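Enquirer: If you scroll down you'll find the structure; I have some questions about it.
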Amino acid sequence: MTDGLSHSTRPLLSRRESLALGVGGLVLPTVLGLRPARADDFGPEAHGLSIFGDLALPPDFPHLPYVEPKAPIGGEIRLQIDGTQGNQSFLTFNTLNVFNFAGDGAAGVPASFDNLMGGNSDEPDALYGLVARAVRASSDKSRYRFLLRKEARFHDGSPLTAKDVAFSLNVLREKGHPALRLPLRDLDTAVATAPDVLDVALKPGHARDAILFIAGLPIFSAAFYARVPFDEVSLEPPLGSGSYKLGDFRQGKFVEMVRVDDYWAKDLPLNIGTGNFGKLRYEYYADRKIAFEGFKAGDFTFREEFTASVWAKGYDFPAVADGRVKKEFIKDETPNGTQGWFFNTRRDKFKDPRVRQAIAYAFDFKWTNANIMYGAYTRTVSYFQNSPMAASGTPSPEELALLEPFRAKLPPDVFGPAYVPPEGDGSGTDRSMLRKAFELLKAAGCKRDGERLLLPDGAPLEIEFLDQDPALDPHTLPFAHNLGLLGIKANLRVVDPAQYKRRTDGYDFDVVVERFGFGLTPGAAMRDFFGSNAAKTPGSRNLVGIVDPTVDALIEQAVAADTREKLTVACKCIDRVLRASHYWVPMWNKGGHNIAYWDLFSRPSRPAKYGLNAISTWWYDEAKAQKTAMRPR
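Everything in the sequence shown is counted per the numbering used here, starting at 21 for the first residue and increasing by one.
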């Protein structure tokens, strides 16, 4: 976490996303259930899947519209992990299986695995054939038949078959990381009816995007995991089928992913112009300040800067001055992630929303932005920031139609203007905000006892801010100081990544910083972040512990929406309810990426609409490398 936008967690996994960053001894059966889909109800073959409307790319598209199809291949890019999937950690790794619940997964490994289908970063809700050459859907969109490419191969030359896909779905549903396991509850059966045919059936009431989630999951070798326990920590390189495979690595230090020259799918339209680097090397640093010094020295060559103070003042070293290091801001149309300090409402002291709201009044965003972040950010107010799903003003008639059945169970504020957190007067200690905070605390039954604030049960209100990186300390310390003025003792605690993971997986914390996002088409992933079942599942993304039948019902409205208009209305309602419940202290956002890189790369003439895509679409430029006098290791 940093004083700008933090790193992000990703609820969905796809090979294209992984480029931008990878069973027990009992052999599981290779089918899920025994009931095949009815063959007579499948429609015609399609080259892709889309939630709403038509696919943007025709069946004969030559390549993705934002790539350079003749990009040279080779060279390397060296970087840090800046977004996590599955069990990955930003600071270390001790396992090469990133898809289970055990250990800290290594960076880059998802690029080893292919998926049934892959994404187009110009579209928010569409996938195109990769391992699957085509798909057929039933008329009610509850069953799908994937027709696999017979030429699909794992890196050892063995064929990738429908049995491997069925096995993968099975083992992820049974033993995968909760971020994968929970959305797979919508899967009823997956049956390999032929080596190149997979029939998938979804359960009644399944999420609208369930099939996209399934089609974007990694495909494992059933034979490999017949001898390697899937649910354990392992440093044995996994057998994949993707455009990269594991090269050299040193536990907790670095990981190298090496391009597969004879990759079976390299000439498919979805892959042309992507995966151009010969090597992806991820460097690990225990401290972000040390990492920046490593970048300045050329130890790694691409960096997304998340620290506003460093972006404003740190890039004054010689390589920037002489042009060997480039610095720029790249806009991104993807909705901003949700970032903030999140309360653990499983703890009694945070049960009352008035207490949570009072704590939020102690944070002066205006002062923080001006004095620590050089005015570079705007205040985040919504769980769907900078997207059409963000609620504003009073509820529309369409929103009221969804909310009215739950009126008796909802805070009255849900039906007024959408809650917007106060920014403060910029003094750092806004007395009017602190008075409002104290009024809320008194209304919740708290009282002062000398220098301490006591909860209704007489216990002092104390808060521990837990993190695995001290980068946010400058922002949290003034916040903690203001809490102290209210009589609330606030401590900052930074622990090592392993301990942080244990504590957050087990919900053993008061307050943590988290950032996540749902893109332009929020779907089943919201269950993992806000759903009641996830709150009871160790390791889920529902760190807050939200258990609210109304939120559950609204999520189901969203995941079942059959038009984008209905989805937007449902998400606005979810946003209103969550904001009125004061589960977090919102932080800040910026609509793009601050990047710095050694001048070794070239890129396509235009970027994709959504996402940075640097690692998947840029390439190593030999001429620039010679001029910069930096060569691959």
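Heads up, the beta-carbon is just placed ideally off N, CA and C, and yes, glycines get one too. In this text the structure is predicted, and so the values were computed from the model without any measurement.
In three-state terms, what does DSSP make of Glu65?
Expert: Note: Glu65 maps to coil in three-state DSSP.
Enquirer: According to the Cβ coordinates, are Asp450 and Asp384 closer than 8 Å?
Expert: Contact: yes.
Enquirer: Please report how far the alpha carbon of Leu497 lies from the alpha carbon of Leu512, in whole angstroms.
Expert: The alpha-carbon atoms of Leu497 and Leu512 are separated by roughly 8 Å.
Enquirer: Which residue marks the beginning of the alpha helix (DSSP H) containing Lys505, and which one marks its end?
Expert: Note that residue 505 corresponds to Leu in the displayed sequence, not to Lys. Note, Leu505: alpha helix (DSSP H), Asp493 to Leu505.
Enquirer: Which residue spans inside the stretch 236-292 form an unbroken beta strand (DSSP E) run of at least 3?
Expert: The qualifying runs are 264-270 and 274-279.
Enquirer: Give every residue of the same chain whose Cβ lies closer than 7 Å to the Cβ of Gly395, excluding the five residues on either side of it in the sequence, and list them in chain order.
Expert: Correct list, in chain order: Asn389.
Enquirer: Looking only at its own chain, which residues have a Cβ that is under 8 Å from the Cβ of Gly68, when we skip the five neighbours before and after it?
Expert: Hits under 8 Å: Leu75, Leu77, Met137, Ala146, Leu147, Tyr148, Gly149 and Val155.
Enquirer: For the beta strand (DSSP E) that contains Ile12, what are its first and last residues?
Expert: Beyond the ends of the chain as shown, which are 21 and 653, falls residue 12; an answer cannot be given.
Enquirer: Here's a check: name, in chain order, each residue in its chain whose Cβ is nearer than 8 Å to the Cβ of Lys386, leaving out the five neighbours to either side.
Expert: Around Lys386: Glu443, Gly444, Asp445 and Gly446.
Enquirer: Which residues mark the beginning and the end of the alpha helix (DSSP H) in which Thr365 is found?
Expert: Where Thr365 is concerned, there is no enclosing alpha helix (DSSP H), given that its DSSP letter is neither H nor E.
Enquirer: Within 8 Å, do at least three Cβ pairs link the stretch 116-125 to the stretch 611-631?
Expert: Segments in contact, no.
Enquirer: For Ile483 versus Val515, is the C-beta distance shorter than 8 Å?
Expert: No, the pair does not count as a contact, with Cβ atoms beyond the cut-off.
Enquirer: Determine the closest residue to Asp80 out of Asn107, Val275 and Leu290, with distance taken between C-alpha atoms.
Expert: Selected option, being the one with the closest Cα: Leu290.
Enquirer: Could you name each continuous beta strand (DSSP E) segment of 3 residues or more that falls completely within the stretch 152-183, going from the start of the chain to the end?
Expert: If we require 3 residues or more, the beta strand (DSSP E) runs fully inside the stretch 152-183 come out as 152-157 and 163-168.
Enquirer: Quick check: Leu218 and Ala210, are their CB atoms within less than 8 Å of each other?
Expert: Yes, they are a contact pair.
Enquirer: Based on the DSSP output, what are the partners of Glu348 in its beta bridges?
Expert: DSSP lists Ile615 as partners of Glu348.
Enquirer: Nearest by alpha-carbon distance to Tyr640: which of Asn609, Trp331 and Gly295 is it?
Expert: For Tyr640, the nearest C-alpha among the options comes from Gly295.
Enquirer: Note down, in chain order, each residue of its chain lying with its Cβ closer than 6 Å to the Cβ of His65, except the 5 sequence neighbours on either side.
Expert: Looking at the sequence shown, residue 65 is not His but Glu. Hits under 6 Å: Ala154 and Arg156.
Enquirer: First and last residue of the beta strand (DSSP E) that includes Ala76?
Expert: No beta strand (DSSP E) holds Ala76; DSSP gives it neither H nor E.
Enquirer: Helix or strand or just coil, what does DSSP make of Gly537?
Expert: Looking at Gly537 - three-state DSSP - the assignment turns out to be coil, as it is neither helix nor strand.
Enquirer: Rounded to a whole number of angstroms, what is the C-alpha to C-alpha distance between Phe549 and Ala649?
Expert: Their Cα atoms are separated by approximately 47 Å.
Enquirer: Measure the alpha-carbon distance for Ser636 versus Val278 and round it to whole angstroms.
Expert: Going from the Cα of Ser636 to the Cα of Val278 covers about 13 Å.
Enquirer: Report the partner residues of Ser447 according to the DSSP bridge assignment.
Expert: Ser447 is not bridged to any residue.
Enquirer: Assuming Thr388 is part of the beta strand (DSSP E), what are its boundary residues?
Expert: Not the beta strand (DSSP E): Thr388 falls in the alpha helix (DSSP H), residues Phe385 to Asn391.
Enquirer: Could you give the distance in angstroms between the alpha-carbon of Leu266 and the alpha-carbon of Ser552?
Expert: Going by the C-alpha atoms only, they are around 38 Å apart.
Enquirer: Helix, strand or coil, according to DSSP, for Arg323 in the structure here?
Expert: It is a strand residue.
Enquirer: Tell me the DSSP secondary structure of Val514 in three-state form.
Expert: The answer is strand: DSSP assigns Val514 an E or B state.
Enquirer: Mind checking Ala306: buried by the 16 CB within 10 Å criterion, or exposed?
Expert: Exposed is the call here.
Enquirer: Does DSSP classify Gly94 as helix, strand or coil?
Expert: Correct three-state label for Gly94: strand.
Enquirer: Which residue marks the beginning of the beta strand (DSSP E) containing Phe297, and which one marks its end?
Expert: That run of the beta strand (DSSP E) goes Phe297 to Glu303.
Enquirer: Per DSSP, what are the beta-bridge partners of Val531 in this structure?
Expert: Phe363 and Phe485.
Enquirer: The alpha helix (DSSP H) spanning Val571 covers which residue range?
Expert: Per DSSP, Val571 belongs to the alpha helix (DSSP H) from Pro569 to Ala580.
Enquirer: What's the gap between the Cα of Phe326 and the Cα of Gly103?
Expert: Answer to the nearest angstrom: the Cα atoms are 12 Å apart.
Enquirer: For Phe621, does the three-state DSSP call read helix, strand or coil?
Expert: Residue state, collapsed to three classes: strand.
Enquirer: Buried or exposed: where does Gly507 fall if 16 or more other Cβ atoms within 10 Å of its Cβ makes it buried?
Expert: Result: buried.
Enquirer: Which word fits Ser407, buried or exposed, when buried means at least 16 other C-beta atoms lie within 10 angstroms of its C-beta?
Expert: Buried, by the Cβ-count rule.
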